[in-house]
Amino acid sequence: MDHSFSSALVSPYVTWDQLQLNKTIKLGVMASGSGSNFEAIAQAINEGKLNGKVEVLIYNNPQAKAKERADKFNIPSVLLNHRNYPHREALDEAIVEVFKAHQVEWVVMAGWMRIITNVLLKAFPEKVINIHPSLLPSFKGINAIEKALKAKVKMTGCTVHLVDLEVDSGPILIQSAVPILPDDTSETLHHRIQIQEHHIITQGIALAVQREKNN
Ligand code: GRF
1 MDHSFSSALV SPYVTWDQLQ LNKTIKLGVM ASGSGSNFEA IAQAINEGKL
51 NGKVEVLIYN NPQAKAKERA DKFNIPSVLL NHRNYPHREA LDEAIVEVFK
101 AHQVEWVVMA GWMRIITNVL LKAFPEKVIN IHPSLLPSFK GINAIEKALK
151 AKVKMTGCTV HLVDLEVDSG PILIQSAVPI LPDDTSETLH HRIQIQEHHI
201 ITQGIALAVQ REKNN
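For the sequence shown, position 21 (counting from the first letter as 1) is numbered 21 according to the working numbering, and the numbering increases by one without interruption.
Next up, the structure:
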């Protein structure tokens, strides 16, 4: 069977030069696991595709591979283990404290597997960005890839959006569509979605900055 397929980027494309920003944006990234999206951001910055700097990575699982990636890029990282906080707001207060101490302006949730609260959103209004492995508003929440497979849809993908209080909600910045192949497993599909995620995460950041500039 011919398994050729194509993915589609669904958004106006914006290059960093078009933004004409004469300042470096200060990013704070939150990751719970592998951190491949975090690395894609760090890599794009190193390659001059994003005029930004990751000031600090926050991770919540001591084993998160994202921490190793931060070390590789000489990016400071801070472990805030959610198990040490009595409630979500207390964790978010600690997150805000770390980000403010590092003069962070934009927050990117790059595989952050905790629900955030108004504490974070109030500290960074309309400046918290999330990446989700589905074409929102379809398949919100955890196990988005498994949900897409179970629903037997032919097309899924990934979304970068601004965060509001509702989970996987908020204005969409950019999406990429990924076809589901007949013999896809959650692993094979996730792999192809992640390739697209690594493209749109930095584009999403650029579009968020552009949106703020135009407001
Ligand atoms: C990504 O698929 C993202 O969409 C979801 O969590 C995953 C994180 O992957 N929110 P990684 O840690 O960036 O590799």
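Note that the Cβ used here is the ideal one computed from N, Cα and C, for glycine as well.
CA-to-CA, the gap between PRO125 and GLU212 works out to about 11 Å. Ranked by Cα distance from SER34, the options LYS26, LYS67, ASN51 are led by LYS67.
Contact between SER176 and GLY204 is ruled out by a C-beta separation of about 10 Å, above the 8 Å threshold. Beta-bridge analysis with DSSP links HIS132 to THR159. Taken through DSSP and simplified to helix, strand or coil, ALA64 comes out as coil. Under the Cβ criterion (8 Å, minimum of three pairs), the stretch 25-40 counts as touching the stretch 96-105. According to the DSSP assignment, LEU120 belongs to the alpha helix (DSSP H) that extends over 118-123.
Between ligand 1 and PRO133, a heavy atom-to-CB distance of less than 6 Å is present. Nearest neighbour of PRO182 by Cα position, chosen from ALA148, GLU197, HIS161, turns out to be ALA148. Bridge pairing for ALA94: absent [DSSP]. The stretch 83-94 makes no contact with the stretch 137-151: fewer than 3 CB pairs, one atom from each, lie closer than 8 Å.
Here LEU50 carries a coil assignment [DSSP, helix/strand/coil]. Residue pairing for ILE174: DSSP places it in a beta bridge opposite VAL160.
Burial of LYS127 is indicated by the presence of at least 16 other C-beta atoms within 10 angstroms of its C-beta. With a contact defined as Cβ atoms closer than 8 Å, VAL56 and ILE41 miss out at about 13 Å. By the neighbour-count definition (other C-beta atoms within 10 Å, threshold 16), ILE131 is a buried residue.
Boundaries of the beta strand (DSSP E) harbouring ALA31: 25-31, taken from the DSSP string.
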